[in-house]
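K.L.:
Residue numbers (the working numbering), protein chains in the order written: chain A, 473 to 549; chain B, 62 to 976.
To start, I am sharing the structure in question, which I have written as structure tokens.
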Amino acid sequence: MTRLDVSKHVLVSTHVLLQKEEAERVLKELGVTLDDLPKISARDPMAKYVKAKKGDVIKLIRKSPTAGQSLAYRVVV
Amino acid sequence: MSVADRKVVRGIGFGLLSPEKILRQSVVEINSPETYDQDGLPVPGGLMDRRLGTVEPSQRCETCGARAGKCPGHFGHIKLERPVVHPGLAKKVYETLSSVCKECGRIKLPEQEIEEYTRQMRELEGRNPNLAKALSKAIVKKASQVTKCPHCGTINNPIEFERPTTYFESSGGKGEGSALLRIPPTEIRIRLEKIKDEEARLLGWDPETARPEWAILTYLPVPPISMRPAITLETGLRSEDDLTHKLVDILRANEKLHEHISSGAPQSVIDDVWELLQYHVTTYFDNETQGAPSSRHRSGRPLRTLAQRLKGKEGRFRGNLLGKRVDFSARSVISPDPWIGINEVGVPQEIAKVLTVPEPVTNLNLQEMKELVRRGPKNYPGANYIVRPNGMMVDLRYAKDTNEIAEEIGVGFVVERHLRDGDVVLFNRQPSLHRPSIMGHVVRVLPYRTFRLNPAVCPPYNADFDGDEMNLHVPQGKEAEAEAKEMLLVQNHLLSPRFGGPVMGALQDFISGGFMLTRKSVLLEREEAMDLLYAGGYTGPLPPPAITSPKELWTGKQLISLFIPGGINFQGRANSCTGCGGCTLDECPSDGFVVVKDGELLMGVLDKKTIGASVPNSLLHFIIKEAGADAGRDFMDKAFKVMLRFSEENGFTVGLRDLEIPPSVREEIKKRIGSALAEIDQAIAAYKRGEIMAEPGKTPEEEIEDTIMSKLTKLRDDVGELAAENMDHESHSYVMALTGARGSVLNLTQISAIVGQQSSRGGRIVRGYSDRTLPVFDHGDISAKGRGFVESSFYEGLDPIEFFFHAVTGREGLVDTAVRTSQSGYMQRRLIHALEDLHVEYDGSVRGANGELIELRYGEDGVDPAKSNHGVALDIDRIIDMVMKEEDRDAITCFKRTRCSDRWAGKRGVVSDQA
Ligand SMILES: [Mg+2]
Ligand SMILES: [Zn+2]
Ligand SMILES: [Zn+2]
Ligand SMILES: [Zn+2]
Numbered sequence: 473m474t475r476l477d478v479s480k481h482v483l484v485s486t487h488v489l490l491q492k493e494e495a496e497r498v499l500k501e502l503g504v505t506l507d508d509l510p511k512i513s514a515r516d517p518m519a520k521y522v523k524a525k526k527g528d529v530i531k532l533i534r535k536s537p538t539a540g541q542s543l544a545y546r547v548v549v
Numbered sequence: 062m063s064v065a066d067r068k069v070v071r072g073i074g075f076g077l078l079s080p081e082k083i084l085r086q087s088v089v090e091i092n093s094p095e096t097y098d099q100d101g102l103p104v105p106g107g108l109m110d111r112r113l114g115t116v117e118p119s120q121r122c123e124t125c126g127a128r129a130g131k132c133p134g135h136f137g138h139i140k141l142e143r144p145v146v147h148p149g150l151a152k153k154v155y156e157t158l159s160s161v162c163k164e165c166g167r168i169k170l171p172e173q174e175i176e177e178y179t180r181q182m183r184e185l186e187g188r189n190p191n192l193a194k195a196l197s198k199a200i201v202k203k204a205s206q207v208t209k210c211p212h213c214g215t216i217n218n219p220i221e222f223e224r225p226t227t228y229f230e231s232s233g234g235k236g237e238g239s240a241l242l243r244i245p246p247t248e249i250r251i252r253l254e255k256i257k258d259e260e261a262r263l264l265g266w267d268p269e270t271a272r273p274e275w276a277i278l279t280y281l282p283v284p285p286i287s288m289r290p291a292i293t294l295e296t297g298l299r300s301e302d303d304l305t306h307k308l309v310d311i312l313r314a315n316e317k318l319h320e321h322i323s324s325g326a327p328q329s330v331i332d333d334v335w336e337l338l339q340y341h342v343t344t345y346f347d348n349e350t351q352g353a354p355s356s357r358h359r360s361g362r363p364l365r366t367l368a369q370r371l372k373g374k375e376g377r378f379r380g381n382l383l384g385k386r387v388d389f390s391a392r393s394v395i396s397p398d399p400w401i402g403i404n405e406v407g408v409p410q411e412i413a414k415v416l417t418v419p420e421p422v423t424n425l426n427l428q429e430m431k432e433l434v435r436r437g438p439k440n441y442p443g444a445n446y447i448v449r450p451n452g453m454m455v456d457l458r459y460a461k462d463t464n465e466i467a468e469e470i471g472v473g474f475v476v477e478r479h480l481r482d483g484d485v486v487l488f489n490r491q492p493s494l495h496r497p498s499i500m501g502h503v504v505r506v507l508p509y510r511t512f513r514l515n516p517a518v519c520p521p522y523n524a525d526f527d528g529d530e531m532n533l534h535v536p537q538g539k540e541a542e543a544e545a546k547e548m549l550l551v552q553n554h555l556l557s558p559r560f561g562g563p564v565m566g567a568l569q570d571f572i573s574g575g576f577m578l579t580r581k582s583v584l585l586e587r588e589e590a591m592d593l594l595y596a597g598g599y600t601g602p603l604p605p606p607a608i609t610s611p612k613e614l615w616t617g618k619q620l621i622s623l624f625i626p627g628g629i630n631f632q633g634r635a636n637s638c639t640g641c642g643g644c645t646l647d648e649c650p651s652d653g654f655v656v657v658k659d660g661e662l663l664m665g666v667l668d669k670k671t672i673g674a675s676v677p678n679s680l681l682h683f684i685i686k687e688a689g690a691d692a693g694r695d696f697m698d699k700a701f702k703v704m705l706r707f708s709e710e711n712g713f714t715v716g717l718r719d720l721e722i723p724p725s726v727r728e729e730i731k732k733r734i735g736s737a738l739a740e741i742d743q744a745i746a747a748y749k750r751g752e753i754m755a756e757p758g759k760t761p762e763e764e765i766e767d768t769i770m771s772k773l774t775k776l777r778d779d780v781g782e783l784a785a786e787n788m789d790h791e792s793h794s795y796v797m798a799l800t801g802a803r804g805s806v807l808n809l810t811q812i813s814a815i816v817g818q819q820s821s822r823g824g825r826i827v828r829g830y831s832d833r834t835l836p837v838f839d840h841g842d843i844s845a846k847g848r849g850f851v852e853s854s855f856y857e858g859l860d861p862i863e864f865f866f867h868a869v870t871g872r873e874g875l876v877d878t879a880v881r882t883s884q885s886g887y888m889q890r891r892l893i894h895a896l897e898d899l900h901v902e903y904d905g906s907v908r909g910a911n912g913e914l915i916e917l918r919y920g921e922d923g924v925d926p927a928k929s930n931h932g933v934a935l936d937i938d939r940i941i942d943m944v945m946k947e948e949d950r951d952a953i954t955c956f957k958r959t960r961c962s963d964r965w966a967g968k969r970g971v972v973s974d975q976a
């Protein structure tokens, strides 16, 4: 059986794992701590796909009907 | 505030009162069921003992020495002769009892397991209360299955619980030999006492604040009298509080129990009274306990005991803490008044005399305030109270001479004067589902007894005048007043964040009036024009007439243009234009292409599409957006009045004659109906013979059903169109449908041509008798008529069968709305509660109450929908239009429409000559 590549699904937005420094920069920019970010499970297929560990920050790049493209951040828990 | 210290509340913890604590906080033991002696004095040791605090102003409290009001009240206690189960914890006690060994009091699980659970519990406690709860549930479930105690080997037979407060233990053995023995509360208490603190924790108790055995009451706190004051009726009779009644019951049972025990009565008698005591204590806590009959007053009214004071809509939480009754408010029936402004509210003088505004006296208003005080509370613009600089209030109702008091006032006084014209108040209609459910209105004191409301503000309140009532609140103080004026006034809520357009606008008669006035055929004489402009409050000069000879005449468009702010440009189609054949953008045979240039209505008629409520991208929308909220309000206040005045002068009425159609057309309609029905009958006959060809995926039944439905739909459309074409298009009924003022062309065809198919549950009507809708039909009749097709028109009248089907559809509609409103109302409530503390921060992100990030930018694009055009943030075309020079603009418009520019220029020239 072929494995399904979830990242290719139309409803799954682009997930990018942020490097430590970049994650820190983003948090500082937003004026939030890790706890204030929305969460994503470490067992989430996309979290596994980008090889994220607990405490990492994932950037989501989504298609948006209002803004064309929008960003969101998730902390891996 | 003198007795108690002020402290900051950091948290609230709940627990059980231990017997020791009950005794420690108690100032007196209550042991007498008598409350007053023959002389009417409180019996010492009775429920009205003076040491419990006093509520009578003449007496001092025997405990703290303070007078009523200052004395907070003090708890007493009752010593229960036999312990009873706390009814609120009965279930918990059952779980605990089932989980522990009756001999050694240990949880009936092996040592290792207990240790493991203890470790897990320590990890969860305080950090995740929900998981901790789930863990103890699991422990209870496991331990209660065990029979033989792993610690001491005792056999624990299963325990049964009977609501509300009885426990049984089976005597062991199976079938015949087993019996259920009642475990008395004394025994339960002994078992619970044996449980170790750490193990109690595993079972979900917090031994610091709630030891398990405290759930078995040995002492009962007696609340102070201030918690259960007696009320004196007009007859002079005292009526004790329900809690006092219940406590008397408890004391009686307790006293009886004491007598029986000390006289050595048989155990069965003692048990009976003991059970009675348990019952009274149970209902004292909660008179709606399952399994216990509710305790009632002599009149048969159930008593309102402790739980009832807290629970439900009228309980302490929902009734007193989350919502309170307020002063300076009024409620009355609303009625319409299109002649007051949209941000005004008509207040009956009677109400204005009761509601007051605190007005600080200054040098500037001293004389005025003196005059108001002199007039007093009875003469309308007057005052009800004054507040002296020392804070003392003087009630002018009881003043001997208001002249004298008026002379007394000076700077520093506050006069609570009557509500008067120009004051800003908050106006509200329930259910308050969104921000504009409460808006600021300017007061207009009027005669009669209803609140008056401009019908244009009905949509945000969802109000109508079939008996609706609304509430009014008067801001007390300058800060609240300023807030109401700056933020809450109606004009600040004209644009809705729900769909990016005006929620308020022209409705019904405003729309038909606007249409009739702005039609090409309207030419007004000087007197007529002036009358209309006067109605709109216009004070400027009359514009030059559109026609100068033989008579000076003005057009309706000219008059309306006087109220459109300069600089406003607009072009778009009117409601009455859609569907008119052969209409091109700027050349509509029905004058349906609206052009406004620099505040001048050059062509087109006004109707729902241009000035209606809830229509985004309309002329009204751009006036509000580009000229500002106040200009928008001004337009609605003035222009709408002109429209209404025009209706009033010319008359706008409807009659059945409006919908008459020529006999020849009616014959044609009947012919078409007849042939369509015949076609359907043939199709049904073919189906019955089994000759029907079903499309792939359909059964023959579905095929014939679809065929019938599509034929009937087509029939109605055809006939409707025919009827609509042959109706009097100048009739007011048709004008209302055409302009969107009220009703639709479909409604009109239902009246004059054919009502059409009635539906139930999304299809033809099929329910009723077996295989048929009514007994007048044969079994299996699937003809048009047999399944709810109404071929009559309302004009002709429906036959009884048609009438029945029409009623079926009508009823279904009513039921659906009733069901939908309750369901969507509940969903809305839940949603609001979930989202209530989300807010947009200054960085444009959406944050929760504690600053947690919800969304990087609101709506992903950061657009405020109230400031958008139907959700679109930037209307580039419109901006280009606004900044372009006129010639360029014309060039672009022409380019976009791929039309020649001289025609456009020519049109403009003709119209501007007129103006
Ligand atoms: Mg109503
Ligand atoms: Zn006291
Ligand atoms: Zn044991
Ligand atoms: Zn047209």
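For every residue, glycine included, the Cβ atom is placed at its ideal position computed from N, Cα and C.
Out of B:E540, B:L192, B:E174 and B:M770, point me to the one whose CA is closest to Q819 of chain B's CA.
P.N.:
By 1-based counting over the second sequence, the position of residue 819 of chain B is 758. The residue with the shortest Cα to Cα distance from Q819 of chain B is B:M770.
K.L.:
Measuring CB atoms only, is the segment 330-339 of chain B touching the segment 104-118 of chain B, in the sense that at least three cross pairs come out at less than 8 Å?
P.N.:
Touching, no, given that fewer than three Cβ pairs across the two stretches are closer than 8 Å.
K.L.:
Cβ of R167 of chain B within 7 Å of any heavy atom in ligand 3?
P.N.:
For the purposes of this step, residue 167 of chain B is taken as residue 106 along the second sequence, with counting starting at 1. Flag set: Cβ of R167 of chain B near ligand 3.
K.L.:
In angstroms with no decimal places, state the Cα-to-Cα distance between A240 of chain B and P282 of chain B.
P.N.:
In the second sequence, residue 240 of chain B corresponds to position 179, counting from 1. In the second sequence, residue 282 of chain B corresponds to position 221, counting from 1. Computed Cα separation, rounded: 37 Å.
K.L.:
Pull up the CB-CB distance for P9 of chain B and P516 of chain B, whole angstroms please, since I reckon it's below 8 Å.
P.N.:
Limits of chain B in this structure are 62 at one end and 976 at the other, which puts residue 9 of chain B out of reach.
K.L.:
What does a CB cutoff of less than 6 Å around D832 of chain B pick up in its chain, not counting 5 residues either side in sequence?
P.N.:
For this step, residue 832 of chain B is matched to residue 771 along the second sequence. The answer, listed in chain order, is H840 and G841.
K.L.:
Where does H319 of chain B fall in DSSP's three states?
P.N.:
Taking the first residue of the second sequence as 1, we reach residue 319 of chain B at position 258. It is helical.
K.L.:
Assuming D695 of chain B contacts I572 of chain B (C-beta within less than 8 Å), just tell me the rounded distance between them.
P.N.:
Here residue 695 of chain B is taken as the residue at index 634 of the second sequence, counted from 1. Here residue 572 of chain B is taken as the residue at index 511 of the second sequence, counted from 1. The Cβ separation is near 19 Å, so there is no contact.
K.L.:
Are three or more beta carbon pairs between the segment 415-428 of chain B and the segment 510-529 of chain B nearer than 8 Å?
P.N.:
They do not touch, by the three-pair rule.
K.L.:
Return the chain-ordered ranges of every beta strand (DSSP E) run that is complete within the segment 413-460 of chain B and spans a minimum of 3 residues.
P.N.:
DSSP runs (the beta strand (DSSP E)) wholly in the segment 413-460 of chain B: 417-421, 444-448 and 454-456.
K.L.:
In angstroms, rounded to a whole number, what distance separates the CA positions of R497 of chain A and V504 of chain A?
P.N.:
Here the question's residue 497 of chain A lines up with position 25 in the first sequence. Here the question's residue 504 of chain A lines up with position 32 in the first sequence. Cα to Cα, the separation comes out at about 11 Å.
K.L.:
When DSSP labels each residue in this structure, what does V146 of chain B get in the three-state scheme?
P.N.:
On the second sequence, position 85 is the one that residue 146 of chain B refers to. In this structure, V146 of chain B counts as strand in the three-state DSSP scheme.
K.L.:
What does L489 of chain A touch in chain B if you count any residue whose Cβ is under 9 Å from its own?
P.N.:
Here residue 489 of chain A is taken as the residue at index 17 of the first sequence, counted from 1. Ordered by position in chain B, no residue passes the 9 Å Cβ test against L489 of chain A, which lies about 18 Å from the chain.
K.L.:
Determine the extent of the alpha helix (DSSP H) in which H840 of chain B is found, giving its start and end residues.
P.N.:
Position 779 of the second sequence, counted from the start, is the residue given in the question as residue 840 of chain B. Per DSSP, H840 of chain B belongs to no alpha helix (DSSP H) and is neither H nor E.
K.L.:
Name the two residues that bound the continuous alpha helix (DSSP H) containing Q884 of chain B.
P.N.:
Counting from 1 along the second sequence, the entry for residue 884 of chain B is found at position 823. First-last of the alpha helix (DSSP H) with Q884 of chain B: P861 to L896.
K.L.:
Mapping the DSSP letters down to three states, classify V944 of chain B as helix, strand or coil.
P.N.:
Walking along the second sequence from the start, residue 944 of chain B turns up at place 883. Of the three classes helix, strand and coil, the one that applies to V944 of chain B here is helix, per DSSP.
K.L.:
At a Cβ cut of 8 Å, what residues of the segment 500-512 of chain A count as close to chain B, listed as they run along the chain?
P.N.:
Cβ contacts with chain B come from L502, G503, V504, D507, D508, L509 and P510.
K.L.:
Does the beta carbon of G653 of chain B fall short of 7 Å from some heavy atom of ligand 6?
P.N.:
Of the ligands this structure carries, namely ligand 1, ligand 2, ligand 3 and ligand 4, none is ligand 6.
K.L.:
Starting from E405 of chain B, trace the beta strand (DSSP E) both ways and give me its first and last residue.
P.N.:
What you label residue 405 of chain B is simply residue 344 of the second sequence in a count that begins at 1. First-last of the beta strand (DSSP E) with E405 of chain B: E405 to P409.
K.L.:
Should H894 of chain B be labelled buried (16 or more other beta-carbon atoms within 10 Å of its own) or exposed?
P.N.:
Position 833 of the second sequence, counted from the start, is the residue given in the question as residue 894 of chain B. The residue is exposed, with fewer than 16 neighbouring Cβ atoms inside 10 Å.
K.L.:
Closest by CA to R733 of chain B, which one among B:T870, B:P626 and B:D779?
P.N.:
Indexing the second sequence from 1 puts residue 733 of chain B at position 672. Nearest option by C-alpha distance: B:D779.
K.L.:
Suppose the cutoff is 8 Å on Cβ atoms and the five residues either side in sequence are ignored; what does the same chain contact list for D974 of chain B look like?
P.N.:
On the second sequence, residue 974 of chain B is found 913 positions in, with the first residue counted as 1. Interpretation of D974 of chain B is limited by its pLDDT of 34, a score under 50 that renders its predicted location unreliable; no figure is taken from the coordinates.
K.L.:
On a Cα-Cα basis, can you pick out the residue from B:G597, B:S854, B:T810 and B:I403 that is closest to N553 of chain B?
P.N.:
Looking up residue 553 of chain B in the second sequence gives position 492. Ranking the options by Cα distance to N553 of chain B, first place goes to B:I403.
K.L.:
Against chain A, which members of the segment 893-904 of chain B pass a CB distance test of less than 7 Å?
P.N.:
Cβ contacts with chain A: none found.
K.L.:
Contact check, R534 of chain A vs S485 of chain A under 8 Å by CB: the rounded distance?
P.N.:
Walking along the first sequence from the start, residue 534 of chain A turns up at place 62. Walking along the first sequence from the start, residue 485 of chain A turns up at place 13. With a Cβ gap of about 4 Å, R534 of chain A and S485 of chain A count as contacting.
K.L.:
Counting only beta-carbon atoms, is D922 of chain B nearer than 8 Å to chain A?
P.N.:
On the second sequence, position 861 is the one that residue 922 of chain B refers to. True, the Cβ-Cβ gap to chain A drops below 8 Å.
K.L.:
CA-CA distance, K666 of chain B and C638 of chain B?
P.N.:
Taking the second sequence and counting its residues from 1, the one referred to as residue 666 of chain B is at position 605. Taking the second sequence and counting its residues from 1, the one referred to as residue 638 of chain B is at position 577. The amino acid at residue 666 of chain B is misidentified as Lys; the sequence shows Val. Going from the Cα of V666 of chain B to the Cα of C638 of chain B covers about 9 Å.
K.L.:
Show which residues of chain A have a CB atom less than 8 Å away from the CB atom of L799 of chain B.
P.N.:
For the purposes of this step, residue 799 of chain B is taken as residue 738 along the second sequence, with counting starting at 1. Correct list: empty, because the minimum Cβ distance to chain A is about 35 Å.
K.L.:
Answer yes or no: do L141 of chain B and L338 of chain B have a C-beta to C-beta separation smaller than 8 Å?
P.N.:
Along the second sequence, one-based indexing puts residue 141 of chain B at 80. Along the second sequence, one-based indexing puts residue 338 of chain B at 277. In this structure, L338 of chain B lies closer than 8 Å to L141 of chain B by Cβ.
K.L.:
Scan the segment 918-943 of chain B for residues whose Cβ lies nearer than 9 Å to a Cβ of chain A and list them as they occur along the chain.
P.N.:
Residues passing the 9 Å Cβ filter: R918, G920, E921, D922, G923, V924, G932 and A934.
K.L.:
Are the beta-carbon atoms of Y441 of chain B and K414 of chain B separated by less than 8 Å?
P.N.:
As a position in the second sequence, residue 441 of chain B is number 380, starting the count at 1. As a position in the second sequence, residue 414 of chain B is number 353, starting the count at 1. It is a contact, given that the beta carbons lie within the stated cut-off.
K.L.:
Consult DSSP for R969 of chain B and reduce its assignment to one of helix, strand or coil.
P.N.:
Locating residue 969 of chain B in the second sequence gives position 908, where the first residue counts as 1. Model confidence at R969 of chain B stands at a pLDDT of 37, short of 50, so the residue's coordinates are unreliable and nothing is read from them.
K.L.:
Between D719 of chain B and the rest of its own chain, which residues show a CB-CB distance below 7 Å, the 5 nearest in sequence each way excluded?
P.N.:
Residue numbering aside, residue 719 of chain B sits at position 658 when the second sequence is read from its first letter. Closer than 7 Å at Cβ, skipping near neighbours: D789, S792, H793, S794 and Y795.
K.L.:
Please confirm whether A544 of chain A has its beta-carbon closer than 8 Å to some beta-carbon of chain B.
P.N.:
Looking up residue 544 of chain A in the first sequence gives position 72. For A544 of chain A, the answer is yes, since a Cβ of chain B falls inside 8 Å of its Cβ.
K.L.:
Give a single yes or no on whether D922 of chain B has its beta carbon closer than 7 Å to a heavy atom of ligand 1.
P.N.:
Within the second sequence, the letter at position 861 stands for residue 922 of chain B. D922 of chain B Cβ: outside cutoff for every heavy atom of ligand 1.
K.L.:
For a cutoff of 8 Å on Cβ pairs, would you count G134 of chain B as touching chain A?
P.N.:
Start at 1 with the first residue of the second sequence, and residue 134 of chain B comes out as number 73. For G134 of chain B, the answer is no, since every Cβ of chain A falls outside 8 Å of its Cβ.
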